[in-house]
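Here the structure comes first, spelled out in structure tokens, and everything after it is commentary.
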């Protein structure tokens, strides 16, 4: 039930989709091919506290406490977590506990020990206190981000991921075969928002990376037929089907996370056409949904560090909705709960079999089942990078350059005592990963209208004659800042705009006046190569 926006860089931003397949990318007609398509923890402390406070103060006549002893800091709280394996240096991993094993994935380029070449995406298995990366588990393709692995190791595994064509994201599902991963789903312009176990079926929900329809995919077991509620056809959520040359309605709730409760209630969390948070709910046995407005889990703008998740809660019909903060879905409504500590944001989380929530913030690991948070101390105060709970209740944490474990039905053989070195300082900066920008909206701090993509033959000083012609006399766009941007080696013509309304007007103007073009609005701040200073009165480039 992992559902995070598995976004890539602006180089994969230009996404246009319809249904389950790719739709021709945004086209540019601004010159002879110059503008191409735009494409239960041990020794828990009180929530928010770093540990027991020191006694402080002078010696007491009654107690006979010496002053120097009273001022000594209290020892750090004891941790129930045990290091079981060292993480290779400079490697960032995600944890995927499955039946029979702990698997890990690398979201960045990986150099496998004993090999000279980089592996784009490696899936490893914890074995005898060491992470092994067998060739059978290597994910095919380039720039693939693993969102989740489900099932039983080594004979029944399903992996969901987001890949890329270089121009658009791809929702990918793989099943593990005798020789490696066999791809079962590859939907361009889509990404898996999450996966849920519903009865004997494993079900995923894909959403558009930019524009397009959402759809349910039964990954394993009997097909589950759920109907997604479309947005009003006259509302703001409209897509464009290039093949049918007609408008269509997207989902009323654009999904950002998908999951299910223990009784089989399915939930899709996201934003509606007005940019407000909402949850689409399918009750057990019902194919049609109801939509509930919900509060924002966090007051802060969501960033790429934050994973958006729906996890099963303690009760049969309960769920945790995680998006920087936490909502608790219970009794048919979702309520916001206090953060684990003042000002803390939840980066990721995982749920235990009994519904206990393990949440990772910037500074600490917390757990919650009832009405209060408790801090779960880690050895030597190391900082955690990821947390995941297995079906046997084992809690796994990536922290301090090592994999830590607490609880579970069985204890796997770990590394020899004393061989694991915990990094007490800040974790090393991982190699750069590519992230897709989110769709633009009224709550985005910086909307960017991506107008076109340069062709490989376009000169660096190309001045976009058809764009300038379309904008001539349109001084209402003077607040926009027109720029040439670059990402993943690709150049784009784009415009930073101060408001959502102006972004929509600019998008519509270019779409109407530049034949064949389909500009898109995203929430992003890409690298700026050069400014394109336009005199909107004359349509000329200002000297």
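Residue numbers (the numbering used here): 207 to 749. Ideal placement from N, C-alpha and C gives every residue a C-beta, glycine not left out. Owing to the predicted nature of the structure, the values given are computational and were not obtained by experimental measurement.
- Between residue 557 and residue 584, the gap from beta carbon to beta carbon reaches 7 Å or more.
- Of all alpha-carbon atoms in 394, 382, 305, 542, the one lying nearest the alpha-carbon of residue 343 is that of 382.
- Between residue 468 and residue 518, the C-beta gap is smaller than 7 Å, which places the two residues in contact.
- A distance below 7 Å separates the beta carbons of residue 355 and residue 304.
- Here residue 550 really is in contact with residue 567; their C-beta atoms are around 4 Å apart, less than 8 Å.
- Out of 724, 627, 736, 740, the CA that lies nearest to the CA of residue 675 is found in 740.
- Nearest to residue 358 by alpha-carbon distance, out of 309, 610, 499, is 309.
- Looking at the DSSP output, residue 478 bridges to nothing.
- Taken atom to atom, the span from the alpha-carbon of residue 717 to that of residue 700 is near 14 Å.
- With a cutoff of 7 Å on beta-carbon distance, residue 413 and residue 401 are scored as not near each other.
- Note that the stretch 651-659 touches the stretch 721-732; at least 3 beta-carbon pairs, one per stretch, sit closer than 8 Å.
- The continuous stretches of alpha helix (DSSP H) do not include residue 591, which lies in the beta strand (DSSP E) extending over residues 590-595.
- In the assembly as shown, residue 559 is an exposed residue. Its beta-carbon has fewer than 16 other beta-carbons within 10 Å.
- With 16 or more other Cβ atoms from the protein chains shown falling within 10 Å of its own Cβ, residue 713 counts as buried.
- As the crow flies, the alpha-carbon of residue 597 is around 46 Å from that of residue 710.
- Assignment of beta-bridge partners to residue 342 by DSSP yields no partner.
- By the Cβ neighbour-count rule, residue 483 is buried, with 16 or more other Cβ atoms within 10 Å of its own.
- Residues 427, 428 of the same chain have their beta carbon placed closer than 7 Å to that of residue 406, with the five preceding and five following residues left out of the count.
- Between the alpha carbons of residue 683 and residue 436 lies a gap of roughly 32 Å.
- Our two residues, residue 499 and residue 524, have alpha carbons roughly 17 Å apart in a direct line.
- Nearest C-alpha to residue 403 among 527, 292, 424, 538: 424.
- In the three-state reduction of the DSSP assignment, residue 683 falls in the helix class.
- Nearest neighbour of residue 301 by Cα position, chosen from 491, 610, 745, turns out to be 610.
- Here residue 520 is buried: its Cβ has 16 or more other Cβ atoms, across all protein chains shown, within 10 Å.
- Counting of Cβ neighbours within 10 angstroms places residue 646 among the buried residues, the total reaching 16 or more.
- Assigned with DSSP and collapsed to three states, residue 719 falls in helix.
- Here residue 313 is buried. Its C-beta has 16 or more other C-beta atoms within 10 Å.
- DSSP places residue 672 within a helical segment (H, G or I) once states are collapsed to three.
- Your pair residue 287 and residue 603 checks out as a contact, with CB atoms roughly 6 Å apart and the cut at 8 Å.
- Looking only at 306, 506, 457, the smallest Cα-Cα distance to residue 486 is reached by 457.
- In terms of Cα proximity to residue 370, the closest of 396, 390, 657, 703 is 396.
- In this structure, residue 496 sits away from residue 463, with a CB-CB distance that is not shorter than 7 Å.
- In the three-state reduction of the DSSP assignment, residue 587 falls in the helix class, which pools H, G and I.
- Residue 347 holds the alpha-carbon nearest to the alpha-carbon of residue 386 among 347, 377, 415.
- Within a 10 Å sphere around the beta-carbon of residue 578 sit fewer than 16 other beta-carbons, which makes this residue exposed.
- Per DSSP, reduced to three states, the secondary structure at residue 701 is strand.
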